[in-house]
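Top line first, the protein sequences correspond to chains L and P. Following the numbering used here, the numbering of the first sequence begins with 1 at its first residue and continues without gaps. Following the numbering used here, the numbering of the second sequence begins with 1 at its first residue and continues without gaps. For each residue, glycine too, the CB sits at the ideal point set by N, CA and C. The structure under discussion appears below in the form of structure tokens.
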Amino acid sequence: MEPKDLDSDDPVAWCPGCGNFGIQSALKTALARLGIPPRKLLLVSGIGQAAKMPHYVKANFFNGLHGRALPAAAAAKIANRELTVIVTTGDGDCYGEGGNHFIHGIRRNVDMTVIVHDNQVYGLTKGQASPTTERGTKTRIQPGGVILAPFPPLETALALGCGFVARGYAAEREHLAELILAGVRYKGFALIDVLQPCVSFNKLNTYAWYTQRVYKTGPEHDTSDKAAAMALAAQRERLPIGVLYSKPGPCYGELSGLDDRPPLADADIAGTDISAALSDFK
Amino acid sequence: MKEDISIRITGEAGQGIVSSGMMLCRMYKDSGRHVFAIQDYMSRIRGGHNFIQVRAAVKPVAAPRRLADIILALDKEAAQANKNALAPGGMLLLDAGRAGITELGPGWVDAPIYALAQEAGGPLYANSVALGILAALTCGDFEAAAAAAAREFSNKGQDAAAKNVKAARLGYDHASGKIKTSSFRLAAGAHDRRLLLAGNEALALGAVSAGCKFFSAYPMSPSTGIMDTLAGYAERYGHIVEQAEDEIAAVNMAVGASFAGVRAMTATSGGGFALMCEGLSLAAMTETPLVIAVVMRPGPATGFPTRTAQEDLEFALHAGHGEFARAVYTPGSPEECFLAARRAFNTADRFQAPALILSDQYLAESFTNIGSLETTADSPDRGRVPGPGAGPTTRRYEYSPDGVSPRLIPGRSDALAVADSDEHGPEGHITELAEVRIRMMEKRLRLKLAGLAKEVLPPTVVNPGARTMLCGFGSTLGVMREVCAASAGTGFLHYPQVWPFPTEATNAALKGAGRVLTVENNASGQLARLLRRETGTLVSGSVLKYDGRPFTADELAAALEGEK
Chain L
1 MEPKDLDSDD
11 PVAWCPGCGN
21 FGIQSALKTA
31 LARLGIPPRK
41 LLLVSGIGQA
51 AKMPHYVKAN
61 FFNGLHGRAL
71 PAAAAAKIAN
81 RELTVIVTTG
91 DGDCYGEGGN
101 HFIHGIRRNV
111 DMTVIVHDNQ
121 VYGLTKGQAS
131 PTTERGTKTR
141 IQPGGVILAP
151 FPPLETALAL
161 GCGFVARGYA
171 AEREHLAELI
181 LAGVRYKGFA
191 LIDVLQPCVS
201 FNKLNTYAWY
211 TQRVYKTGPE
221 HDTSDKAAAM
231 ALAAQRERLP
241 IGVLYSKPGP
251 CYGELSGLDD
261 RPPLADADIA
271 GTDISAALSD
281 FK
Chain P
1 MKEDISIRIT
11 GEAGQGIVSS
21 GMMLCRMYKD
31 SGRHVFAIQD
41 YMSRIRGGHN
51 FIQVRAAVKP
61 VAAPRRLADI
71 ILALDKEAAQ
81 ANKNALAPGG
91 MLLLDAGRAG
101 ITELGPGWVD
111 APIYALAQEA
121 GGPLYANSVA
131 LGILAALTCG
141 DFEAAAAAAA
151 REFSNKGQDA
161 AAKNVKAARL
171 GYDHASGKIK
181 TSSFRLAAGA
191 HDRRLLLAGN
201 EALALGAVSA
211 GCKFFSAYPM
221 SPSTGIMDTL
231 AGYAERYGHI
241 VEQAEDEIAA
251 VNMAVGASFA
261 GVRAMTATSG
271 GGFALMCEGL
281 SLAAMTETPL
291 VIAVVMRPGP
301 ATGFPTRTAQ
311 EDLEFALHAG
321 HGEFARAVYT
331 PGSPEECFLA
341 ARRAFNTADR
351 FQAPALILSD
361 QYLAESFTNI
371 GSLETTADSP
381 DRGRVPGPGA
391 GPTTRRYEYS
401 PDGVSPRLIP
411 GRSDALAVAD
421 SDEHGPEGHI
431 TELAEVRIRM
441 MEKRLRLKLA
451 GLAKEVLPPT
461 VVNPGARTML
471 CGFGSTLGVM
481 REVCAASAGT
491 GFLHYPQVWP
501 FPTEATNAAL
511 KGAGRVLTVE
521 NNASGQLARL
531 LRRETGTLVS
541 GSVLKYDGRP
551 FTADELAAAL
561 EGEK
């Protein structure tokens, strides 16, 4: 399978030079390497520029509401465990509007991969602060600079017990493809936060800015060491990319028993006999 | 001999009032009487004063009476708070010593409930002592009382069940010897309505029988009973009950599961439904089948969490931004709750549209005995789901004369299943084209609505041609039925479905009526407005009740008297 087998014929509506193109390329590369055919793939998104990704990859897709990709994705996987479920979301969609689902999605630990296009700004609404915007950044809405502390997604995910926490960079396509591949192979909620320049609205976190700060974690990093992962996630001057943490643990499908059964969506519901249940009410 | 008796058991939360009520219901039901029991409780875990009022009768009953013939008060506060609900000639039973009452009011009878409970094993058995007393006073059938007690505590082990039966025996013998009255003796009866069900339970069973495989909800009174019942059967029937982090997650989960091919549902009450509105709109836009049960309680905001209202009719009709077709079912009995669930799943699947079931606390949590449930009507019909051979050119949102497109399911064929909350073309991708927008609106709104209107459940019409015609939806069915049975000049229309509105059937049923009154558990007459809007029929007025309590038969009869 080649990445081009996953080409969609829907015209792309992203800005030229957008970091999303790098993520799109990495995603297709990873899926081709995994050999997952479009019919077995389900891309789920909310609203935002990242959320348009499902239209630009050949797959089943559910492009739902702003902030609500995670519950829809979790339930789709619960309904049919044979689908490979990947969420493409942004920092506003996942960490802002959908923050509660991010917390509980990690706790629920349904087997899916969550790729957060983290450009530290709101693009589609034209340049307001996002939950990950750095303090002091001036926007139209925050002309005196953002006074809220930025949301730390990786540390939050680690603290919540997320079993797979990684950070990628949109310009490091091959590296990102390998992160996505590892995330999809991980059985459980896999978070990949992707540093992504926004060429239209984020004049601070540019390609040049990232290139100066981003570095790849090396083999010396033990990905099963949570304290070490937390230390990497806490770095602010330099930005490590790679798998920060990966440790197997029981996921929803295993704990609920669903993984030992045929998919719920295959259930034959004709003639469900409830006479045994009715006798409880006699 | 009485034909009809009402017994109120009242005390604090945590004193086992519901359990006592259930035992009483089973005792009467299994000894040949019909029962109808309402629950009135406060939004707290312990304390306060709650009651369950059980009406037992020789003929079927489907509404509460205002006053109770016997009130069993488990503490002093309960006696004081409920004494005005005692019918003339009624008896208020209490353990005066335990309650710290030295002076008994008129009709009050002291019984050593707690001393007898102690003899049976401890104060926990007081409820069964009371059951025995009530059995002796009203039906003289100890076996039925013993069976009810054993059944209620069977899950607590044989010892507990035996002690409760002993407690019932002690109460029964005490009352037989010491409380000399036959004025509460209920005439014998016989029936074959063996199931004892509340609306929430019936609705959940309907969902199970319809093949619902995914239920997500956030607990909210008074809808939680649906989740409770479904959770109890999850293992046996293989469905998943997922407690969501909030109602927004609950509805988006239900939509996601439905998109992936299972029958999915959520349930909530007013405030939670408010949070679900965007998800409801999503289901409509993505044409994903969705069933939502909205079990109403009084608002605004948190309102009366444990009480009843029919305030969200207009909310349910209009909930969700944008314009789209929906069905709104308004069952009025446990039987109708069961059928509404089965019908709603079929409607949602066949029209790929949201189906709402509007219930309320009174219907959801009142128990009554019913015959069999109709398990063959509305057999599961998944609608237009293409087989595995569907080719890759099959379009998910293809235009069609009835507005319904091939429902592609991810993983089922090479035709990819897509959904978008943005406006989209037939292939499911985002569009901004005006002409596509118009055709999609026609499809989602007008064409589907026309199809839904063809199969709307007709109103139940009783005494057509009567001078006064009452109109109600949902839980007022029972009380209208009872009042109309006692008054030849009054008939009624009950709507088990209010949307699409059955205009022609309404016009036919109301033709020639002298006056048309709506009966509603709300303050503004929402059904009256709907009737005027959809039929042009002159509605003379409305009997409205908005104190958080259900209509009693006495109240409605008196209100109609006053309207004359």
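Under the assumption that residue i contacts residue j (Cβ atoms under 8 Å), give the Cβ distance between them as a whole number of angstroms.
i                      : j                      : result
residue 268 of chain P : residue 223 of chain P : 5 Å
residue 96 of chain P  : residue 49 of chain P  : Wrong, their Cβ atoms sit about 17 Å apart, outside the cutoff.
residue 542 of chain P : residue 561 of chain P : In fact, because the Cβ distance is near 16 Å, the residues do not count as touching under 8 Å.
residue 188 of chain L : residue 249 of chain L : 6 Å
residue 121 of chain P : residue 163 of chain P : 4 Å
residue 343 of chain P : residue 378 of chain P : 5 Å
Residue i: beta carbon under 7 Å from a heavy atom of the ligand PLP?
i                      : result
residue 314 of chain P : Summarising the ligand content, the structure contains no ligands, and the ligand PLP is consequently not present.
Do we get a CB-CB distance below 8 Å when we pair residue i with the residues of chain L?
i                      : result
residue 374 of chain P : no
residue 187 of chain P : no
residue 201 of chain P : yes
residue 260 of chain P : yes
residue 430 of chain P : yes
residue 572 of chain P : Outside the shown range of chain P, which is 1 to 564, sits residue 572 of chain P, and nothing can be said about it.
residue 246 of chain P : yes
residue 197 of chain P : yes
residue 282 of chain P : yes
residue 205 of chain P : yes
Which chain L residues sit within Cβ distance under 8 Å of residue i?
i                      : result
residue 208 of chain P : 272, 274 and 277
residue 421 of chain P : 47, 63, 64 and 65
residue 379 of chain P : 270 and 271
If we call anything under 8 Å between Cβ atoms a contact, is residue i one with residue j?
i                      : j                      : result
residue 50 of chain L  : residue 112 of chain L : no
residue 420 of chain P : residue 39 of chain L  : no
residue 539 of chain P : residue 532 of chain P : yes
residue 113 of chain P : residue 90 of chain P  : no
residue 360 of chain P : residue 295 of chain P : yes
residue 475 of chain P : residue 362 of chain P : yes
residue 194 of chain L : residue 30 of chain L  : no
residue 417 of chain P : residue 354 of chain P : no
residue 56 of chain P  : residue 11 of chain P  : no
residue 76 of chain P  : residue 100 of chain P : yes
residue 20 of chain L  : residue 120 of chain L : no
Between residue i and chain P, is any beta-carbon pair separated by less than 8 Å?
i                      : result
residue 71 of chain L  : yes
residue 59 of chain L  : yes
residue 42 of chain L  : yes
residue 55 of chain L  : yes
residue 117 of chain L : no
residue 130 of chain L : no
residue 135 of chain L : no
Could you list which residues in chain P have their beta carbon closer than 9 Å to that of residue i, in chain order?
i                      : result
residue 83 of chain L  : 260, 410 and 411
residue 104 of chain L : 244, 245, 246 and 249
What in chain L is Cβ-close to residue i, meaning under 7 Å?
i                      : result
residue 214 of chain P : 75, 78, 79 and 264
residue 278 of chain P : 65
residue 194 of chain P : 282
residue 233 of chain P : 277
residue 190 of chain P : Per Cβ cutoff of 7 Å: no residues; residue 190 of chain P is ~16 Å from chain L at best.
residue 257 of chain P : 75, 76, 78 and 79
Listing by chain order, which chain P residues have their CB less than 8 Å from the CB of residue i?
i                      : result
residue 267 of chain L : 211, 213, 238 and 262
Mind listing the chain P neighbours of residue i? Cutoff is C-beta to C-beta under 7 Å, in chain order.
i                      : result
residue 101 of chain L : 245 and 249
residue 38 of chain L  : 416
residue 10 of chain L  : 429
At a CB-CB cut-off below 9 Å, which residues of chain L make contact with residue i?
i                      : result
residue 452 of chain P : The contacting residues do not exist; residue 452 of chain P stays about 22 Å from chain L at best.
Contact between the region 212-221 of chain P and the region 259-277 of chain L (3+ Cβ pairs under 8 Å): yes
Give a yes or no on contact between the region 282-301 of chain P and the region 338-356 of chain P, applying the rule of three or more CB pairs nearer than 8 Å. yes
Would you call the region 314-330 of chain P and the region 250-259 of chain P touching, i.e. three or more CB-CB distances under 8 Å? no
Contact between the region 469-487 of chain P and the region 543-562 of chain P: three or more CB pairs below 8 Å? yes
So does the region 215-222 of chain L actually touch the region 236-248 of chain L, counting three or more Cβ pairs closer than 8 Å? As far as the Cβ criterion goes, the region 215-222 of chain L touches the region 236-248 of chain L, which means the pair count is three or higher.
Evaluate contact between the region 134-144 of chain L and the region 157-173 of chain L, counting only Cβ atoms and requiring at least three cross-stretch pairs below 8 Å. no
Are there three or more Cβ pairs, one per stretch, closer than 8 Å when the region 292-310 of chain P is compared with the region 146-165 of chain P? Segment contact: the region 292-310 of chain P against the region 146-165 of chain P, fewer than three CB-CB distances shorter than 8 Å; contact not assigned.
Is the region 330-342 of chain P in contact with the region 488-496 of chain P, if contact means three or more CB pairs nearer than 8 Å? yes
Would you call the region 7-23 of chain P and the region 396-410 of chain P in contact, with 3 or more CB pairs under 8 Å? no
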